[in-house]
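Encoded as structure tokens, the structure appears first; notes follow it.
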Amino acid sequence: MPELPEVETIAAGVHARVHGQRITRVWTSGKPQTFKSSESEIANVLNGAHIESVRRVGKTIVMTLHRDKTTTELLIHLGMTGRLLVSAPEVPFAPHTHAVITLHDKREIRFVDPRRFGRLSIHAENATKLGPPGLDSETWDRQSKDSNSAPYSGPGREPLTISLADFITLFHPRRTPIKAALLNQSLLHGVGNIYADESLFRAAIRPTRQAARLTRAELALLRTSLIKILRRAIKLGGSSVSDYVDAEGMRGYFQIEHKVYGHGGDPCTVCGAPIKKITLAGRGTHFCPRCQK
DNA sequence: CGTCCCACCTGATTGC
DNA sequence: TGCAATCAGGTGGGAC
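Numbering (our numbering), first residue to last: 46 to 338.
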């Protein structure tokens, strides 16, 4: 379900509501595939901890926890249908509630996920943050990413902050269709099906083009298009296509500005040609056959 | 290693 | 109307 703008909206909303709170109780549903770390480990780490912050990395929500001078992170990936809600205790549980984190003031952080593609896991900080002698900082960063040391940095690079030079370095060698490359989380993380389609439309690039065949100018336009669309979507609270809601249960509004996603057969807003829908990289892919070259 | 395809789930929508 | 097939915003593992 949620891509970068939706996860950003949820993380910011949850952060505003719960940072500084102490966790007094944890309940989990026992659905094994929901928990990448064991439920007992999750409960052990969370119980009694203070929530320092809640932020987004890629499509993952990262909750930073402090207890006994130890810092740990709870990673929450929402999959397709996951929700993270902050509720008063008297609000009835939604169906498919898989985790409830009770706070000192009695409110509850609830993880709800009908399709169960979402995952919870623990990311522990290593004792030392200093790299071993002889490693340059870039090598150390890479090793930090690979090993289990905090803070969690995700599988790829952040789309909102990547430089043009790095963007080109990332995509230029790829021989896959540009859309498949955009969806590859180990390159950029956070872009999903909606924002891949919308950014390619805005950049007038056909999703089927081989990444390696894009000119530098096209890659530059794709990067700025993607950043503008992600920022605009964050401003509107994300896209609510069916069941996405933020931490308060509110829908987002960026779906109103979708130009191609979900508009197969509709006339293109720029040229009037019917928007085409095809399957690419196993995903529904929407584009204007006239505008996107 | 890079890439493709499918499985993992439930629920809403489409089509017969 | 009823029921089956199809389709969903994501990821990870196995096959090639």
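By construction, the Cβ of each residue, glycine as well, lies at the ideal position given by its N, Cα and C atoms.
8 Å contact criterion, which residue i and residue j should meet: CB distance rounded
| i | j | result |
| --- | --- | --- |
| Arg160 | Met125 | 5 Å |
| Ile87 | Thr73 | 7 Å |
| His111 | Gly163 | With 8 Å as the limit, His111 and Gly163 do not qualify as a contact, their Cβ atoms being about 25 Å apart. |
| Lys81 | Gly235 | With 8 Å as the limit, Lys81 and Gly235 do not qualify as a contact, their Cβ atoms being about 19 Å apart. |
Per-residue DSSP class, three states only, for residue i
| i | result |
| --- | --- |
| Val99 | strand |
| Gln255 | strand |
| Thr214 | helix |
| Ala225 | helix |
| Phe138 | coil |
| Ala172 | At Ala172 the pLDDT is 38, less than 50, meaning the model places this residue with poor confidence and gives no usable figure here. |
Where residue i falls, given that 16 or more other Cβ within 10 Å makes a residue buried
| i | result |
| --- | --- |
| Pro77 | exposed |
| Arg101 | buried |
| Arg268 | buried |
| Gln337 | buried |
| Arg128 | buried |
| Leu180 | With a pLDDT of 34 at Leu180, under the threshold of 50, the modelled position of that residue is not reliable, and the figure given next carries that caveat. So Leu180 counts as exposed. |
| Ser208 | exposed |
| Ile106 | buried |
| Phe332 | buried |
| Gly75 | exposed |
| Leu325 | buried |
| Ile239 | buried |
Residue range of the beta strand (DSSP E) that includes residue i
| i | result |
| --- | --- |
| Val131 | 128-132 |
| Arg62 | Arg62 -> not in any beta strand (DSSP E); alpha helix (DSSP H) instead, spanning 49-63. |
| Thr330 | 328-332 |
| Arg161 | No beta strand (DSSP E) contains Arg161, which DSSP labels as neither H nor E. |
| Arg220 | First-last for Arg220: undefined, no H or E at that position. |
Host alpha helix (DSSP H) of residue i (start-end)
| i | result |
| --- | --- |
| Leu264 | 261-280 |
| Ala88 | 84-91 |
| Arg247 | 238-247 |
Exercise. Between the segment 146-153 and the segment 302-318, are three or more C-beta pairs nearer than 8 Å?
Worked result: Flag = no, the segment 146-153 and the segment 302-318 do not touch.
Exercise. Quick one: any contact between the segment 278-293 and the segment 245-263, if contact means 3 or more CB pairs under 8 Å?
Worked result: no
For this session: Spell out a yes or no on whether the segment 243-250 and the segment 295-304 are touching, meaning 3 or more CB-CB pairs, one atom from each, closer than 8 Å.
Result: yes
Exercise. Three or more beta-carbon pairs under 8 Å between the segment 223-232 and the segment 291-302, yes or no?
Worked result: Taking 8 Å as the limit for Cβ pairs, the verdict is that the segment 291-302 does not touch the segment 223-232.
For this session: Could you say if the segment 89-99 and the segment 109-120 meet the contact criterion of at least three C-beta pairs nearer than 8 Å?
Result: yes
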